[in-house]
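Right, one structure below, let's go through it.
Numbering (the working numbering), first residue to last: 33 to 191.
This is the structure in structure tokens:
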């Protein structure tokens with residue numbers, strides 16, 4: 033059994049460790065947002081943030097309920113959609129005009145190093161992992177999509 037002093041401090045210690053581990057891994061995303069932000073934090077970080085009339089819903093409870101103004105990355109205009117789950121920003125999808133794939137690929141290489149890539153008749157795909165961030169760039173037909181999300185590691189029991 034733990035002494036009373038330690039027992040009383042454990043919940044506070046757990047909260048501090050949780051906060052620090054989240055804060056330590058925060059990565060600023062293009063446009064100023066950070067994964068893990070709440071809606072009020074996102075509204076402060078992204079001027080012009082607005083609700084989406086028909087939010088996209090993805091697995092894991094992700095809801096793409098917010099959109100931001102277009103931003104420029106590597107000379108390519110990107111329109112962001114912000115996906116939240118459990119009240120926190122978990123994923124950002126940036127849509128680009130056709131022709132932006134190569135510039136964004138070069139930008140991704142500069143930001144995260146060499147990519148894992150694939151090419152098929154349906155399009156091109158590049159992916160990176162950096163710390164707690166997973167990123168992928170996809171070109172399918174005339175759509176170019178850059179997705180940044182928190183890395184989710186699964187063990188054998190979850191496969």
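Glycine included, each C-beta is placed from N, C-alpha and C at the ideal position.
What are the boundary residues of the alpha helix (DSSP H) that includes residue i?
i           : result
residue 166 : Looking at the DSSP string, residue 166 is not in any alpha helix (DSSP H); the run it does join, the beta strand (DSSP E), is 165-172.
residue 140 : 133-144
residue 72  : 71-77
Which residues in the same chain as residue i place their Cβ atom closer than 7 Å to its Cβ, once the five residues preceding and following it in sequence are excluded?
i           : result
residue 161 : 183
residue 74  : 65, 81, 98, 114, 121
residue 106 : 135, 136, 138, 139
residue 83  : 97, 98
Would you list the residues sitting across from residue i in a DSSP beta bridge?
i           : result
residue 155 : 152, 172
residue 110 : 103, 128
residue 121 : 116
residue 66  : 60
residue 83  : 98
Roughly how far, in whole angstroms, is the beta-carbon of residue i from the beta-carbon of residue j, given that I think they are within contact range, below 8 Å?
i           : j           : result
residue 158 : residue 140 : 6 Å
Do you know offhand how far residue i's Cα is from residue j's?
i           : j           : result
residue 179 : residue 188 : 25 Å
residue 146 : residue 165 : 15 Å
residue 69  : residue 138 : 28 Å
residue 154 : residue 172 : 6 Å
residue 98  : residue 64  : 14 Å
residue 149 : residue 71  : 33 Å
residue 79  : residue 62  : 13 Å
residue 169 : residue 76  : 27 Å
residue 125 : residue 143 : 17 Å
residue 130 : residue 108 : 10 Å
residue 90  : residue 174 : 22 Å
residue 186 : residue 104 : 34 Å
residue 85  : residue 100 : 13 Å
residue 151 : residue 123 : 24 Å
Once the 5 residues before and after residue i are set aside, which same chain residues still bring their CB inside 6 Å of it?
i           : result
residue 176 : 128, 132, 133
residue 96  : 87, 88, 113, 115
residue 67  : 121, 182
residue 111 : 102, 127
residue 167 : 160, 180
List the endpoints of the continuous beta strand (DSSP E) containing residue i.
i           : result
residue 91  : Element bounds for residue 91: n/a, residue is neither H nor E.
residue 183 : Counting along the chain, residue 183 falls outside any beta strand (DSSP E), and DSSP gives it neither H nor E.
Please go through the same chain and pick out, in chain order, the residues whose beta-carbon is closer than 8 Å to the beta-carbon of residue i, but skip the five residues on each side of it.
i          : result
residue 93 : 117, 118
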